[in-house]
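Shown next as structure tokens:
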């Protein structure tokens, strides 16, 4: 439950995290639809807004530049008109005869006050046309001296070096000067001058008017704002000096007056230099409109249109902050932004509705899914339509219902399982009854029964007895029914053997052979029945019956059947456990009884609490009544005599340190004062972290054993004394034997060397004898015998006698050769000097060759048959083929040799358990029992050779060599024989491959054989 | 059409359909409310016409039809400055007076200088072309010999316009606008007077109170300038170089600093500390004005202020309705009238000459005067009474866009009171105007040739000063010299 709860919580956290992340990262479908709507709705709008905004900006800039250009032209026209008008005016004024008349007067008369005042009045009248900005009017004589001026202080000044004077005098036409500063007034002025001519056209002097250049600022102020808000003209002369700036007041202008235009933008000189200054210096192809930055604006870019006052070389720049005329575009942008926001809201609204329509079924389905994920399986997703989503909702509902059913099934199973966890034995019956109730109720059934097999019936079938049952409260319980008594349900038993479970829809429809079952279950009120077997301990132990009092036509679902099977297994396990608990209880009783009989008691010492618990058997041991001892470990130690106490504590301490068990025997003092010996064994029980938790063990009363040991100890001491004496004697004998053994080994070495050398020395002349014998026999047969046949009968008989003797010589020579070879072979084998040329050989083929080799001896002898039965799948073996052939020839040859009539059968079987077995059976006279143990001894057969005159003589070493060969290869060789019935020699050789090899292990056996040889 | 009743049950939640229906109802309601509001505004706008309806009494009508009919077929000639009230008066007169009396009215409107020129031409020629002169208060001395004083006519009950109530004229106006040397020269006709206008929204946003003193005035315009320039300047002046408007603007600061054009001995008063302080104060204010101020007369100043170019200004009271006219103003409802800042010191009239009366609220009033050379004195007097009567004054003021009123009773006329709201022809400034007339009115000296001296003397020198051509002392010396030369021959008459 806790694990499930943990997973549930984790899943909820995951869901929450997913919901959270989903809400933020467009997780839900509705949000995605919403986003898609917004993208579709806003993208065209934003593109349109951008294009519209850009085109609006361009249009506004173009319009602004047109307005600024027009304003600049207007200002230029105004300034041009001012200049032209004043030139014209002063030209007209200079033609006033009074002026020429005055200049024609002699100096003395000119200085006359009244005459000069008249001139001044004339000049004042000229100045009244613009009294504010006309600083002065003056009349200059031909030398450039001011002879009359509205500003009296200027009379007498010489202006001969002024450009306007020279130009007027030289050209004879009105002119205008550049802007210059008059130091006396610390002001800048512009002068208009016109020559004063006499009637003959002679230049008498110059009429000059002086304007303060404040007039330019005043004129530009009139044009302030004519090209739009904050538009203002800037007047710059040909030298790039500021003459007027409509954005400044007269007082503010004084700071910039006649300063380079770049001073209007300190900190941005570069840009200003590159625009305004270049425009001042530029030629006709200079752009008439551009953008610049000024300190006196709003610090933003300013659109500039330029006009040129060509007569003066002046430039009029009409400026306007771009932010001003672009404000409509910016407002439009804001409107568009607002429109976009409104459309966004509408789009969101529409998208929300649309997405709600589209996603509501999915949302409801998702909500239902979340409810299901949170464990609420009762929720169902509403079905809004018959489309795919509707189909999905229906499928989801079906799945949820199925899941709910399965979970209920699992819950039922879980409840039942929990009921049986740690259920005590005495509550098993009640638990089973409750489980039957739970299971039957879940399945909608009325009855649940457990029928257990108890004993075999008379006919050998099983008897079923109702052990546990639950019936619906509405059901009338029957008593004394057949099932309660136990009955053989043969038909049901047979069905259970054929089917693991089955369902009987109507018990009344059972076949006639199931009368017993029908009657038994009808007595129980059963009408329909589901049966499942249960077993434990690997044996069938009964059946679980779930029944209804009504006919149940519908079959159980797979899930229900699975539940029933699992419950059945639980029942089986429970009953098995119940039986086990019962057996354990009985075992414990027996154990307690055994403890009591053996004077053994168990104890357990809780180290953490210091409490010491004794079994019932211990208290009598210590002289206490049962249940009287309630002490601690210290109380126990107090009952240990002081002289043994340290030993006990040391053993316990060592056990603590090493975590190992301990055994100690010590004495105890009984409550009544008596002393007893006990054997104490204990071990430490560690916790999960390896720390001692408690100690447990047993105590056994060994007082009687201790007494017996005491007696035995005394006897042992006496025995040890005797053993010691005997041991010394044995040591002396062993030393003597060791010396004798060394001598024997030396003798054996000498014997082997002797045999080898003797055999070698014997074989050399023997070979010559045999060779010459066979030459003589050949020559005799070829030359002398034919001659003898033609001779007399005596010669003929003697010839045949000679031939027989030669044959005897050859035969005995061969026998002697074999004997020598056998002696040599045996000697080599025993001395370890034999060279084993092991290689993979075909075992069957070797057998055939060997048998054929021996078979040659039987040619012409029809009394004996030699047969072979060799398995076809004999493997290849890794052996020396010569030794193997020697082994077979010796054994088969022996069999042939001792068989007078009958057959010799050679059998070779397929390998069994890694060894191939060869059996050689003959029909000879058999071997006496006493001889069986000797026939493998060396030279044994030589003693019996006289009894077998017609047989080829043997060396008596053949079987001994065979024994050695078989031993070398790790095999065994034995003989089975019964006197008068023949003998069977059997040997088994392990089948080994090249890697295994031979001879490693048999060496000790070889050594034993040597010893045996020597012994013989 | 019948709509079934609908019950909306919102409770805690509202369905989408219900929400949409509620929105639709709300939108219809808003449209209906807007339409109703627009109709209300239209209806309110039409009140101007209704308010200008005549309220002449039967006696007055009978007087005109009986006494006036005696001069039926006669044509009266009058020339006045072309101002909105004059245009309104002319419209009323031409349409109504001729209908009531059979006397035609030839009302010529011209700029002020043109009016002066034509008037001087007429008086110099003594042709009597005009029966009624428009006499600006600065011309009183000049025109004094050429007008027929109405005092004897006022005493003649036979030609007295019923309920004319001459004492109803504001005494200060009768004294300073219609009299010269103690002699009544005419009937007060209009009274432009300087008051202060300020942008309530701007000062509120900056946490500034309307200035009450000259120092506060300077502080406010400086604060606004620093906070709002170049979108808005602290103030704007009628500083057209060489123009009379520049002298009017200067006179307020001259008087406000305790100075005067003339002192009691008849000599100019520019060479004193008060005048110097006034000039420096004026130039300091110039720093917080648009650069074009030196090229703007009162019209330019009014347009600039109406377009939101400045936060505080000393303007003519007759310009105030311009600020509330949506057709010409971008600051409708945002401008409040206020008395001019209190003077630092005010030189008593007794310490001045030529009838000069110091007061920060410079007045530019005028009167209608009977030409001494007119041959139609009686019908002209009857017309003057009618046209300056309470009813016609009120109607002319309303039709003329809230022009100042001469009679005290006019300020309390229901039609005037009803127009005290934001909109064209507002009269909500008239309380301040009346206060300025009665408590703070400044009047220029009444001396012959004053108009020439003001323009050619003071205007030129002040123009040079405000355009940076000369300093304060130089300007004051020049003005002192010009004024001194002008009054040199007049001093004995002082």
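Chains as they are written, first to last, in the UniProt record's numbering: chain A, 1 to 1016; chain B, 1 to 494. All residues carry an ideal CB built from backbone N, CA and C; glycine is no exception. The model shown is predicted, which means the values in this text are computed figures rather than measured ones.
Point to revise | Counted within 10 angstroms of its Cβ, other Cβ atoms place residue 296 of chain B as buried (16 or more) or exposed | key: It counts as buried.
Exercise for review: Tell me, please, whether the CB atom of residue 224 of chain B is closer than 9 Å to any CB atom in chain A?
Suggested key: Under the Cβ distance rule, residue 224 of chain B does not count among the residues neighbouring chain A, no pair being separated by less than 9 Å.
**Study point:** Straight-line Cα distance separating residue 882 of chain A from residue 972 of chain A
**Key:** Cα to Cα, the separation comes out at about 19 Å.
Check your understanding: With a CB to CB cut of under 8 Å and the five nearest residues on each side skipped, what residues in its chain are close to residue 517 of chain A?
Key -> Counting only residues of its own chain and dropping the five nearest sequence neighbours on each side, residue 517 of chain A has a CB closer than 8 Å to the CB of 489, 491, 492, 507, 510.
Practice item. Helix, strand or coil for residue 292 of chain A, going by three-state DSSP, please let me know. Key: Strand at residue 292 of chain A.
Point to revise | Contact list for the segment 246-263 of chain A against chain B, Cβ threshold 8 Å | key: Hits within the stretch, in order: 246, 247, 248, 249, 250, 251, 252, 253, 254.
Check your understanding: Mind listing which residues of the segment 301-320 of chain B have their C-beta closer than 8 Å to chain A's C-betas, in chain order?
Key -> If you check each beta-carbon in the segment 301-320 of chain B against every beta-carbon of chain A, none falls closer than 8 Å.
Review point. Just to confirm, are residue 675 of chain A and residue 702 of chain A a CB contact at a threshold of 9 Å?
Key: In this structure, residue 702 of chain A does not lie closer than 9 Å to residue 675 of chain A by Cβ.
Practice item. Kindly confirm or deny that the segment 856-872 of chain A and the segment 903-914 of chain A touch, where touching means at least three C-beta pairs closer than 8 Å. Key: Cβ pair count under 8 Å is three or more, so yes.
Point to revise | residue 852 of chain A to residue 843 of chain A span [Cα, whole Å] | key: Roughly 14 Å between the two C-alpha positions.
Review point. Apart from the five residues just before and just after residue 828 of chain A, which ones in its own chain have a Cβ nearer than 7 Å to its Cβ?
Key: Answer for residue 828 of chain A: 834, listed in chain order.
Point to revise | 4-residue-minimum alpha helix (DSSP H) runs that sit fully inside the segment 723-790 of chain A, ordered along the chain | key: The qualifying runs are 785-790.
Review point. For residue 212 of chain A, which of helix, strand or coil comes out of DSSP?
Key: In the three-state DSSP reduction, residue 212 of chain A falls in the strand class (E or B).
**Study point:** Reduced DSSP category for residue 940 of chain A - H, G, I as helix; E, B as strand; rest coil
**Key:** In the displayed model, residue 940 of chain A falls within coil according to three-state DSSP, outside both helix and strand.
Practice item. Using a Cβ cut-off of 8 Å, pull out every chain A residue sitting near residue 287 of chain B, in sequence order please. Key: Against chain A, a Cβ distance below 8 Å from residue 287 of chain B picks out 249, 251, 252.
**Study point:** Beta-carbon proximity check, residue 368 of chain A vs residue 398 of chain A, cutoff 9 Å
**Key:** No. Outside cutoff.
Exercise for review: Leaving out five residues on either side along the sequence, give the residues of the same chain with a beta carbon under 6 Å from the beta carbon of residue 383 of chain B.
Suggested key: In its chain, beyond the 5 residues on either side, 76 have a beta carbon closer than 6 Å to the beta carbon of residue 383 of chain B.
Point to revise | residue 401 of chain B burial status per 10 Å Cβ neighbour count (16 or more: buried) | key: Looking at its Cβ environment, which holds 16 or more other Cβ atoms inside 10 Å, residue 401 of chain B is buried.
Exercise for review: Compile a chain-ordered list of the residues in the segment 241-265 of chain B whose CB is closer than 7 Å to at least one CB of chain A.
Suggested key: Residues passing the 7 Å Cβ filter: 241, 242.
Exercise for review: Using a Cβ cut-off of 9 Å (strictly closer), state whether residue 283 of chain B contacts chain A.
Suggested key: Yes - at least one Cβ of chain A is within 9 Å of the one on residue 283 of chain B.
Practice item. Compare the C-beta of residue 132 of chain A with all C-beta atoms of chain B and state if any pair is closer than 9 Å. Key: Chain B contact via Cβ: present.
Point to revise | Continuous alpha helix (DSSP H) stretch holding residue 467 of chain A: start and end | key: Per DSSP, residue 467 of chain A is not a residue of any alpha helix (DSSP H); the beta strand (DSSP E) it occupies stretches across 462-471.
Practice item. Find out if the Cβ-Cβ distance for the pair residue 570 of chain A, residue 442 of chain A is shorter than 9 Å. Key: Here residue 570 of chain A is not near residue 442 of chain A, since their CB atoms are 9 Å or more apart.
Review point. For residue 613 of chain A, which beta-bridge partners are listed by DSSP?
Key: Residue 613 of chain A is bridged to A/604.
Check your understanding: Cβ of residue 527 of chain A within 9 Å of Cβ of residue 547 of chain A?
Key -> Taking 9 Å as the Cβ cut-off, residue 527 of chain A and residue 547 of chain A qualify as a contacting pair.
Check your understanding: What residues from chain B crowd round residue 224 of chain A, counting only those whose CB sits closer than 9 Å?
Key -> Against chain B, the beta carbon of residue 224 of chain A has neighbours under 9 Å at 290, 291, 292, 295, listed in chain order.
Review point. For the segment 454-474 of chain B, which residues have a beta carbon sitting closer than 7 Å to at least one beta carbon of chain A?
Key: Among the residues of the segment 454-474 of chain B, those with a Cβ less than 7 Å away from any Cβ of chain A are 456, 460, 463, 464, 466, 467, 468, 469, in the order of the chain.
Exercise for review: Verify the CB distance criterion: does residue 22 of chain B have a CB-CB separation below 9 Å to chain A?
Suggested key: With a pLDDT of 48 at residue 22 of chain B, under the threshold of 50, the modelled position of this residue cannot be trusted; read the value that follows with caution. Among the residues facing chain A, residue 22 of chain B is not included, as its CB has no counterpart in that chain under 9 Å away.
Review point. Where residue 856 of chain A and residue 779 of chain A are concerned, what is the direct C-alpha to C-alpha distance, given to the nearest angstrom?
Key: Separation of residue 856 of chain A and residue 779 of chain A (C-alpha to C-alpha, rounded to the nearest whole angstrom) is 25 Å.
**Study point:** Residues of the segment 207-240 of chain B with Cβ closer than 7 Å to any Cβ of chain A, in chain order
**Key:** Going along the segment 207-240 of chain B in chain order, one finds 230 with a Cβ nearer than 7 Å to chain A.
Point to revise | Touching by the beta-carbon criterion (3+ pairs, under 8 Å), the segment 224-240 of chain A and the segment 69-77 of chain A | key: Yes, the segment 224-240 of chain A touches the segment 69-77 of chain A.
Review point. Looking only at DSSP bridge pairs, what is residue 370 of chain B linked to?
Key: Answer is B/132, B/148.
Check your understanding: Going by the beta-carbon positions, is the gap between residue 536 of chain B and residue 252 of chain B smaller than 9 Å?
Key -> Chain B is shown from 1 up to 494; residue 536 of chain B falls before or after that span and cannot be answered.
Review point. Which residues, taken in chain order from the segment 180-191 of chain A, show a beta carbon closer than 8 Å to some beta carbon of chain B?
Key: Answer set for the segment 180-191 of chain A: 187.
Check your understanding: Measuring CB to CB, does residue 575 of chain A end up less than 9 Å from residue 450 of chain A?
Key -> In this structure, the beta-carbon distance from residue 575 of chain A to residue 450 of chain A falls below 9 Å.
Exercise for review: Can you tell me which of the three DSSP states residue 312 of chain A falls into?
Suggested key: Looking at residue 312 of chain A - three-state DSSP - the assignment turns out to be coil, as it is neither helix nor strand.
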